[in-house]
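Let me begin by presenting the structure, written as C-alpha cells, before commenting on it.
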Amino acid sequence: MKKERKKKNVFKDHLRNICEAPVREHVGFIEVKGLPPLKIKQWLQHIGF
278 MKKERKKKNV FKDHLRNICE APVREHVGFI EVKGLPPLKI KQWLQHIGF
C-alpha cells in the first residue's frame with residue numbers, strides 16, 4: 278500500500294511540474310486545474326504511454 282501511495286505522489290508531483298497547475302487527488306482520478314491536455318499528452322508519450 279505504501280509503494281502505491283508513493284508512486285501516486287510522485288506521479289502528482291510530475292504532473293504539477295509539467296502542467297504548472299494545481300493537482301488534486303480524488304477517489305479514482307486525479308484532477309489538474311486548467312486546460313493542459315497537450316502538455317500531458319506529450320509527457321505521457323515521452324514516458325511510453
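In my numbering, the protein residues as written are 278 to 326. Quick reminder that beta carbons are idealized off the backbone N, C-alpha and C, glycines included.
Beta-carbon gap between residue i and residue j smaller than 7 Å
| i | j | result |
| --- | --- | --- |
| leucine 289 | valine 300 | It should be noted that the sequence gives lysine, not leucine, for residue 289. Yes, they are a contact pair. |
| lysine 316 | alanine 298 | no |
Sequence-distant residues of its chain with Cβ nearer than 6 Å to residue i (five each side left out)
| i | result |
| --- | --- |
| arginine 293 | Val300 |
7 Å CB neighbourhood of residue i in its chain, flanking five on each side removed
| i | result |
| --- | --- |
| proline 313 | Cys296, Ala298 |
Where the beta strand (DSSP E) containing residue i begins and where it ends
| i | result |
| --- | --- |
| glutamate 302 | 300 to 303 |
Segment limits, alpha helix (DSSP H) that includes residue i
| i | result |
| --- | --- |
| glutamate 281 | 279 to 296 |
| isoleucine 317 | 314 to 323 |
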